[in-house]
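A.B. asks: Chains U and V, in that order, give the protein sequences.
For reference, each letter of the first sequence is one residue, going 5 to 366 in this note's numbering.
For reference, each letter of the second sequence is one residue, going 441 to 1005 in this note's numbering.
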Amino acid sequence: MTEFTLRLRRFNPETGEAAYWEDHRVDLAAHRSVLEGILQARARFDGSIGIRCSCRAAICGSCGVRINGQPALACQTHLDEANASARDGAIVVEPMGNMPVIKDLIVDMEAVHWKKIRSVTPWLLAKEPVPVREYLVPPENMVDVTQSMACIQCGACVSDCLAMEVDPLFTGPAALAKAYRFVGDPRDAEHEERLRSIAEDEHGMYTCTHCFKCVDACPKGVDPMGQIMRLRRIAGNDLGIEDRNNGARHEHAFVKNIKRNGILHEADLLPDSYGGKLHPRALPTLVGSLPAVLRAMRRGKVTLGKVLRHPHKASREVKAIFKEVESHDERYELNLYVSGRDEDADAPTAKSGAGAGTGEGR
Amino acid sequence: MPAHDVLIIGAGLAGQRAALAAAEAGVSVAIMSKVHPVRSHSVAAAGGINAAIAADDDWREHAYDTVKGSDFLGDQDAIEIMCSEAAAEVMHLEHIGVTFHRNAKGELDLRAFGGASKKRTAYVADITGQAMLHVLYEQLLKHSSRVERYEEWFTTSVILDDAGTCVGVVARDVRTGRMETFTAKSVILASGGAGQCYRPTTNALICTGDGIAQAYRAGAGLMDMEMVQYHPTTLAENGFLITEGARGEGAHLLNREGDRFMSEYAPNKMELASRDVVSRAEQTEILEGRGVGPDGQSIYLDITVVPRKRILEALREIVNIGRDFAGVDITREPIMIRPGQHYIMGGVKTDVFGRTEVPGLYAAGEVACVSVHGGNRLGANSLLDTLIFGRRSAEHAAARAGEVPMPEVSDARLRDDAAMIEAIVARPRGGGRRISEIKEELGRTMNAEVAVYRDAEGLGRALEVVRRLKEESADAYIDDRGRVFNQDVLGAVELGYMLDAAEATVVGAVERTESRGAQFRTDFPERDDEHWLKHIVISRGPGGDPKIAYAPVTITDWPPEERKY
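1. If I measure Cβ to Cβ from K260/U and keep anything under 7 Å in the same chain, skipping five residues before and after, which residues do I get?
2. By DSSP, does K974/V sit in helix, in strand, or in coil?
3. Run through the stretch 906–945 of chain V for me and flag every whole beta strand (DSSP E) of 3 or more residues, listed as ranges in chain order.
4. Under the rule that 16 or more other beta-carbon atoms within 10 Å means buried, what is T962/V, buried or exposed?
5. Mind listing, in chain order, the continuous alpha helix (DSSP H) runs of no fewer than 4 residues lying wholly within the stretch 156–235 of chain U?
6. If you measure beta-carbon to beta-carbon, which residues of the stretch 528–548 of chain V are closer than 8 Å to chain U?
7. By how many angstroms is the C-alpha of G244/U removed from the C-alpha of E98/U?
8. Would you identify the three-state DSSP class for G780/V, choosing helix, strand or coil?
9. Are the Cβ atoms of I918/V and G54/U separated by less than 9 Å?
10. List the endpoints of the continuous beta strand (DSSP E) containing T885/V.
11. Smallest Cα separation from E270/U: which of P104/U, V134/U and H254/U?
12. Taking the CB atoms as reference points, tell me whether T994/V and D517/V lie closer together than 9 Å.
13. With a threshold of 9 Å between beta-carbons, can E728/V be considered close to chain U, or not?
14. What does the alpha-carbon distance come out to for the pair A841/V and G65/U?
15. Closest to T125/U by C-alpha separation, out of I202/U, Q74/U, N87/U and V96/U, would be which residue?
16. Any beta-carbon of chain U closer than 9 Å to the one on I567/V?
17. In the structure shown, what three-state DSSP assignment does A562/V receive?
18. Note down the Cα distance separating V746/V from I325/U, rounded to an integer number of angstroms.
19. First and last residue of the alpha helix (DSSP H) that includes L312/U?
20. Grouping DSSP H, G and I as helix and E and B as strand, with all else coil, what is T621/V?
21. Taking the Cβ atom as the reference point for each residue, do G569/V and A486/V lie within a distance shorter than 9 Å?
22. Tell whether a beta-carbon distance below 9 Å holds between I63/U and V483/V.
23. According to DSSP, simplified to helix, strand and coil, what is P477/V?
24. Examine chain V for any beta-carbon lying closer than 9 Å to the beta-carbon of A179/U, and answer yes or no.
25. Could you list which residues in chain V have their beta carbon closer than 7 Å to that of A130/U, in chain order?
26. Please name the residue or residues paired with P992/V in a DSSP beta bridge.
27. Pick from L513/V, D613/V, G685/V and E943/V: whose alpha carbon is nearest that of D969/V?
28. For the putative contact between G830/V and G814/V, defined by C-beta atoms under 8 Å, what is the C-beta separation to the nearest angstrom?
29. Could you tell me whether any non-hydrogen atom of the ligand PLP is closer than 8 Å to the CB of H444/V?
30. Return helix, strand or coil for C79/U, following the three-state DSSP convention.
31. Establish whether the CB of N887/V and some CB of chain U are separated by less than 9 Å.
32. Have a look at T771/V and V478/V and give me their C-alpha separation to the nearest angstrom.
33. Taking 9 Å as the CB-CB limit, is D189/U close to chain V?
34. Does the beta carbon of M3/U sit closer than 9 Å to a beta carbon anywhere in chain V?
35. Any idea if P999/V is buried or exposed, counting beta-carbon neighbours within 10 angstroms, 16 or more meaning buried?
36. Just checking, does the stretch 553–561 of chain V make contact with the stretch 701–721 of chain V on the three C-beta pairs under 8 Å criterion?
As structure tokens, this is what we get:
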């Protein structure tokens, strides 16, 4: 048994008082969860501590909270782990972000999360005719969509989505991962309509800023940002949908730039991201960036020569990389949810040797 | 006052399947749950769902395996219905979007499971319950114009009219504390099991026997309550479930000597014998000093014999559980497990249409006892049970909606329940014990005395404890005086439900003086078909004490025989 201090964010909407911090000391084995710590505090000291929880095993998605500032499931976070990242020796537990607090650690998921989920037509629009037996689909596709299906709707990604903090109307990581669950499902009949709808929405998939917060937050390895990027690739490459925030063009300009110069030739990147120096769309941006260009010239980062000539050329190694990548005629869109192969070398693990009794573990 | 043709309490697989079936039948339907539907405990079902869909399989084989698994206590007419309707139900799930794992031809892949003579378990990795529950919720959203959802509403009572017919429920909005009467022509209880009567248990904190106690208090009989399943592989550390899918994929059970001891107990099926058989074998090894771990109270589950790629693809969730909750990489070393409370075969007695003994009141899923599981449930039959009898209950209740008028309901029950809640809130602090202490004592007692092995002495002690706890719960106090999300007061109401369910379990176990399925009496170690090939039905007697009756077991094609695996 080890003693831990839990610092809980308390809020009671019925008192009219502001939220406050409250410390509780709990006594548990170090690898027990923060949820068990909270439940012990509730059982021993104060039954009014509010937290949604049910399965205790990271599958029901009820107990999403922030622990020491990071979104997590309380049941999946060990006390010793949390203690290691604690400041002042107290494990800080507070409600998730981006959603209104109802009481203590309980947030209003309906007002934010579920509304967004409902906005992506979250059910299968099955291809007709419906077969008598099962739809015959490649096994890889089912494993693939099982990654987004593994989402337990805990809200951890929503809690810390930076784009949603700036634009509360952003569809958000969980709902867009849910959208991929259908776009990636060969049984769904409306892939294109789905993609057009989240592409045309100005708070849709192009609002994601690629910050990886949701990837870190997700307790189930759903990789919401990865799903969003795949939605974008399918929309851009297969349906020619224009990225309303210029991100796709920027990506292409970047790749073209490196292919040609080996290292980044910044003078071309900006105009190319807007369709080229002569494109009307590029003009205001180019004019707008003049002060930055002048500053760069003053410091010698940019010279007229560098702008007009291309002193670098891609090296043989860079060319070889491009050649290799471009030789794949098919875009491999399946994710890496299922990793590892039988022939994988057995990497040594920290725990190896601990499992006595079986002799030849593989 | 809201009024619906069909009102479903509980939004796990049974409840949601019922809601969809009722909506399809065109009646007005509402589904109510004390937690958001996707938090329901069905979400934790891991391994899969059984159906004879392979070309070389037949539903009769599935039925026989189920009958044998039940130790011949299951009602064979109900089992035939469940197994013969299984294939169509699984295909329906596939059509609405469940991402079942496929074989190379793109058909549903099937895995082996305990007590099954063939591979007949369809699955989604080891998150089958989650995948199914979330897809059903997608369908509820799709049909939201036809299905009213009351999410985070806690049911306090089933309401009966003067004739004893069920006419609705009283419930409390968890978020605001407001109480309301809901009128319904029919109520379907789909509120799950009562695993929280035990500690440890694989069951979620919400599995507190609500529907079982509500039906019991309304006069319905409870059947087979003594039949409590101990799952053979729960994490020694904290009682979490390790799916039977692990053994289905080939994992071994090893004792202290490193022997696959199941060869002594079930030479043909080995690790894939029925759960009661495997749990008993493990417990025997432990009792005879061949357990592993610091206290010798565990057994090794060795999953390393399964190819690593297959583990990562098909047993991903237990890779996570091993890592997160035991610090073990199951692909590289064995993990310590032991038998742990997992499921109750018993529940509210119903017929094959889900009807309880109270007119207008139905039950489906773990809350119910049809009985398709008898003395012991086969793995991957519970998801099937929820769907088949959830749907059948809803179809019957929907038809009933055309035959009866919408009842007139007074608010008498609402006033009683509101007063009951106020009284709990007003109990003086320190006047009695804390609710949490009583729950702890109940759980430990049930797990010590009403577990894999039982005898008259231990059961007698358990009954005494349960009855004392019932008295103590009357003045047990809580801390929360508020209305918004007062989980404390709901916990006190749940404790009352748990104690009713636990009492029926112990009384049934005392009564059945034989060993069958999950009930093993060391003082009556043989199965006794002459006296005990019958169900025990427990109702609430006039003074509130349990009253025992019996119901015959329906036998169609498979007379009882010796059970060997």
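Beta carbons: idealized from backbone N, C-alpha and C, even for Gly.
C.D. replies: By the coordinates alone:
1. D276
2. strand
3. none
4. exposed
5. 160–163, 166–170, 177–187, 195–204 and 217–221
6. M531, E534, H535, I536, G537, T539, F540, H541, R542, N543, A544, K545, G546, E547 and L548
7. 43 Å
8. strand
9. no
10. Note, T885/V: premise wrong, no beta strand (DSSP E); alpha helix (DSSP H) at I875 to E889.
11. H254/U
12. yes
13. no
14. 36 Å
15. I202/U
16. yes
17. strand
18. 37 Å
19. L308 to L312
20. strand
21. yes
22. yes
23. helix
24. no
25. H535
26. K974/V
27. L513/V
28. G830/V to G814/V, Cβ: 20 Å. No contact.
29. Although the ligand PLP was asked about, the structure shown includes no ligands whatsoever.
30. helix
31. no
32. 30 Å
33. yes
34. Given that chain U is displayed from residue 5 to residue 366, the structure contains no residue 3/U and the question cannot be resolved.
35. exposed
36. yes
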